[in-house]
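Student:
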Amino acid sequence: MSNEVLYLSRSDIDSLAIPMHAVIEMTESALREKSRGKAIMPAKHWISPAGERFFSAMSGALLESGAVTCKWQSGSPENAKLGLPYITGLLLLNDLATGRARAVMDSTWITAQRTAAATAVAAKYLACSTPRTLAIIGCGVQGRTNLQALRIIHSSLCELRAFDIDPDRAKAYVAEAASTHGIAACSFPSVREAVADADIVVTCGPIVSNGDRIIQGRWLKPGALLVTLDYDCYLDPLAINQFDAVFTDDVEQVEHLKEYGFFAALPESLMELGTVFQAPGHARKGEADRILSVNLGLAIEDTAVADLIDQDARAKGVGTILQL
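The numbers in the numbering used here rise by one with no breaks, and the one at position 323 of the sequence shown is 391.
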């Protein structure tokens with residue numbers, strides 16, 4: 069067996085043009101493996117040396133799929149001013165059976181796509197039956213990919229409400245969304261106005277220790293689903309008790325992140341998203357239920373999507389073979 073690894077740059081991955089629906093399928097598949105006890109995933113290793121910049125290592129194994137990954141990434145709220153993505157990183161993919169390194173690749177595309185795909189999976193099982201209005205809080209990369217993914221899962225979505233701390237960015241975002249998706253789109257001057265009357269709300273702000281925790285559960289209409297991609301940075305601690313059910317993609321990771329000052333107010337009755345795969349009716353007991361889904365972003369989601377990228381790239385002859 070040759071001792072070589074496939075290197076995939078961001079442009080290599082972009083050239084594959086992997087559709088979002090395929091990423092959603094792989095992300096749900098990974099979550100289902102986890103729910104069957106067929107995944108191994110330690111808690112994130114987290115370093116924050118200065119300000120709100122962080123570095124984290126995320127490793128995971130999918131025992132049925134036969135893939136293992138470790139992603140080393142960084143996040144900085146200051147990156148936007150430099151024209152850089154909030155999150156950047158590299159990912160190493162190994163074969164489970166042999167331990168052999170299969171590929172090393174840019175992880176920026178993976179993070180952007182699988183995070184949105186996980187939102188779509190949550191909305192597939194937790195949103196009301198026919199959601200029509202989506203609110204996006206934070207109009208960056210995740211604002212774009214989440215809109216794309218949610219429109220695939222819920223084609224009934226026909227109205228977009230948006231807020232960003234930069235009003236010009238919010239206006240540009242809704243103009244782009246209207247043009248790209250043919251959806252009625254409007255930006256609002258406050259978070260409260262943006263989330264009003266929305267069936268699905270997604271918060272996509274940077275993960276910071278001093279977030280403006282203002283969002284109230286009662287701001288959301290009955291039946292709404294709130295998905296937070298930024299931990300609890302913008303959610304009022306008292307708002308937790310205003311939801312009829314609270315889910316997360318990984319309870320163990322929530323407990324780990326409490327050591328870093330997050331999630332002090334989450335209830336002991338916190339449920340894992342994987343439970344809805346066994347009992348879909350378990351999530352929403354009524355159309356008027358307000359539901360919160362805390363999506364942390366999981367290493368096994370990276371694993372599933374990286375495995376897909378590796379196989380597609382090899383089939384198409386994309387990437388550079390490196391000798392180890």
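Yeah, the Cβ is synthetic: ideal placement off N, Cα and C, and Gly gets one too. This one's a predicted model, so the numbers in the text were calculated from it and none came from an experiment.
#1: Three or more C-beta pairs under 8 Å: does that hold for the region 217-224 against the region 116-123?
#2: So, at 6 Å on beta carbons, what are the nonlocal neighbours of T271 in its own chain, with the 5 sequence-adjacent residues on each side left out?
#3: Closest to L376 by C-alpha separation, out of M173, V189, V209, D318, would be which residue?
#4: My guess is that A313 and M339 are in contact by the Cβ rule of under 8 Å, so how many angstroms apart are they, rounded?
#5: Compare the beta carbon distance of L288 and F315 with 8 Å and say whether it is the shorter of the two.
#6: Touching or not, the region 320-327 and the region 185-192, by the rule of three or more beta carbon pairs under 8 Å?
#7: When we look at the beta-carbon of D317 and count the other beta-carbons within 10 Å, is it buried (16 or more) or exposed?
#8: To the nearest angstrom, report how far apart M109 and C226 are at their CA atoms.
#9: According to DSSP, what are the bridge partners of F231?
#10: Please confirm whether T137 and A184 have their CB atoms less than 8 Å apart.
#11: Just verifying my parser: in three-state terms, what is the DSSP assignment at E96?
#12: Reducing DSSP to helix, strand and coil, say where S103 ends up.
#13: How should Q391 be labelled, buried or exposed, when 16 other C-beta atoms within 10 angstroms of its C-beta is the threshold for buried?
#14: Under three-state DSSP, which class holds L376?
#15: From the DSSP output, read off the bridge partner residues of Q141.
#16: Which residue or residues does DSSP assign as beta-bridge partners of A171?
#17: Contact check, D380 vs L84 under 8 Å by CB: the rounded distance?
#18: Assuming A372 and T166 are in contact, meaning their beta carbons sit under 8 Å apart, how far apart are those beta carbons, in whole angstroms?
#19: Would D163 and G134 be called neighbours here (beta carbons separated by less than 8 Å)?
#20: Just to confirm my understanding: we take P335, look at its own chain, exclude 5 residues before and 5 after, and list those with CB closer than 7 Å. What are they?
#21: Could you pull out every residue in the same chain whose Cβ sits closer than 7 Å to the Cβ of A356, ignoring the five residues on either side in sequence?
#22: Do R170 and V73 come within 8 Å of each other at the CB atom, strictly closer than that value?
#23: In angstroms with no decimal places, state the Cα-to-Cα distance between A243 and N71.
#24: Expressed to the nearest angstrom, what Euclidean distance is found between the alpha-carbon atoms of L294 and G143?
#25: Hey, G387 and D80 are a contact pair by Cβ (cut 8 Å); roughly how many whole angstroms apart?
Tutor: Answer, in terms of the structure:
#1: no
#2: Taking the first residue of the sequence shown as 1, we reach residue 271 at position 203. I205, T296, D298, Y302, listed in sequence order.
#3: Residue numbering aside, residue 376 sits at position 308 when the sequence shown is read from its first letter. Measuring from the Cα of L376, the nearest candidate turns out to be M173.
#4: Sequence index remark: in the sequence shown, residue 313 carries index 245 (1-based). Sequence index remark: in the sequence shown, residue 339 carries index 271 (1-based). Going by Cβ atoms, the distance from A313 to M339 rounds to 7 Å, so yes, they are a contact pair.
#5: Counting from one through the sequence shown, the residue named residue 288 turns up at place 220. Counting from one through the sequence shown, the residue named residue 315 turns up at place 247. Against a cut-off of 8 Å, the Cβ pair of F315 and L288 comes out as no contact.
#6: no
#7: Within the sequence shown, residue 317 is the residue found at index 249, counting from 1. Label assigned to D317: buried.
#8: If you number the sequence shown from 1, residue 109 lands on position 41. If you number the sequence shown from 1, residue 226 lands on position 158. If you take the alpha carbons of M109 and C226, they lie about 37 Å apart.
#9: By 1-based counting over the sequence shown, the position of residue 231 is 163. DSSP output for F231 lists I205 as bridge partner(s).
#10: Working through the sequence shown from its first residue, we reach residue 137 at position 69. Working through the sequence shown from its first residue, we reach residue 184 at position 116. Contact flag unset, no.
#11: Position 28 of the sequence shown, counted from the start, is the residue given in the question as residue 96. It is helical.
#12: Counted from its first residue, the sequence shown places residue 103 at position 35. Three-state DSSP puts S103 in a helix.
#13: Position 323 of the sequence shown, counting from 1, holds the residue named residue 391. When all chains shown are included, Q391 counts as exposed.
#14: As a first step, residue 376 is located in the sequence shown; it is residue number 308 there, counting from the start. DSSP places L376 in helix when its eight states are reduced to three.
#15: Taking the sequence shown and counting its residues from 1, the one referred to as residue 141 is at position 73. BP columns for Q141 point to S124, G157.
#16: Translated into the one-based positions of the sequence shown, residue 171 becomes position 103. BP columns for A171 point to L74, L161.
#17: The sequence position of residue 380 within the sequence shown is 312, counting from 1. The sequence position of residue 84 within the sequence shown is 16, counting from 1. Contact flag correct, Cβ pair sits at about 5 Å.
#18: The residue labelled residue 372 in the question sits at position 304 within the sequence shown. The residue labelled residue 166 in the question sits at position 98 within the sequence shown. Not a contact, Cβ separation roughly 19 Å.
#19: On the sequence shown, residue 163 is found 95 positions in, with the first residue counted as 1. On the sequence shown, residue 134 is found 66 positions in, with the first residue counted as 1. Yes; because the gap between Cβ atoms is below 8 Å, this pair is in contact.
#20: Residue mapping note: residue 335 aligns to position 267 of the sequence shown, counting from 1. Result list for P335: I308, V314, in chain order.
#21: Within the sequence shown, the letter at position 288 stands for residue 356. Once the five neighbours on either side are set aside, the close Cβ partners of A356 are P290, G291.
#22: Taking the first residue of the sequence shown as 1, we reach residue 73 at position 5. Taking the first residue of the sequence shown as 1, we reach residue 170 at position 102. In contact: V73 and R170 (Cβ atoms closer than 8 Å).
#23: Stepping through the sequence shown from its first residue, residue 243 is reached at position 175. Stepping through the sequence shown from its first residue, residue 71 is reached at position 3. Near 49 Å, if we compare the C-alpha coordinates of N71 and A243.
#24: Stepping through the sequence shown from its first residue, residue 294 is reached at position 226. Stepping through the sequence shown from its first residue, residue 143 is reached at position 75. Taking the straight line joining both Cα atoms gives about 23 Å.
#25: The residue given as residue 387 occupies position 319 in the sequence shown. The residue given as residue 80 occupies position 12 in the sequence shown. G387 to D80, Cβ: 5 Å. Contact.
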